[in-house]
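Shown next, in structure tokens, is the structure this report addresses.
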Amino acid sequence: RELMYEILTDYWFLNGPFAMLYQTVETWPVRVELKGFEQAAVGYGMLFDFTKLYK
Numbered sequence: 002r003e004l005m006y007e008i009l010t011d012y013w014f015l016n017g018p019f020a021m022l023y024q025t026v027e028t029w030p031v032r033v034e035l036k037g038f039e040q041a042a043v044g045y046g047m048l049f050d051f052t053k054l055y056k
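Residues 2 to 56 in this note's numbering are what the sequence shown lists, from first letter to last.
Rendered as structure tokens:
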């Protein structure tokens with residue numbers, strides 16, 4: 002079963018119907034005092050709407 006899972010995941014990785022072109026690999030630590038971070042970072046991209054951040 003483990004071998005079958007490994008074969009299938011390798012196949013999916015190499016021949017999958019999609020490709021991840023851009024994906025952030027960094028984590029974003031946020032202080033408790035910072036409010037509005039979830040709305041500013043919608044989509045988990047590299048662009049932030051800093052006008053939505055407040056203290």
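For each residue, glycine too, the CB sits at the ideal point set by N, CA and C.
- request: Quick one: give me the first and last residue of the alpha helix (DSSP H) that D11 is part of.
  value: Against the sequence shown, residue 11 aligns to sequence position 10. E3 to N16 is the extent of the alpha helix (DSSP H) around D11.
field: Residue range of the unbroken alpha helix (DSSP H) whose run includes F38
entry: Counted from its first residue, the sequence shown places residue 38 at position 37. Unbroken alpha helix (DSSP H) run through F38: F38 to A41.
query: Roughly how far, in whole angstroms, is the beta-carbon of L54 from the beta-carbon of G37, given that I think they are within contact range, below 8 Å?
result: Stepping through the sequence shown from its first residue, residue 54 is reached at position 53. Stepping through the sequence shown from its first residue, residue 37 is reached at position 36. L54 to G37, Cβ: 5 Å. Contact.
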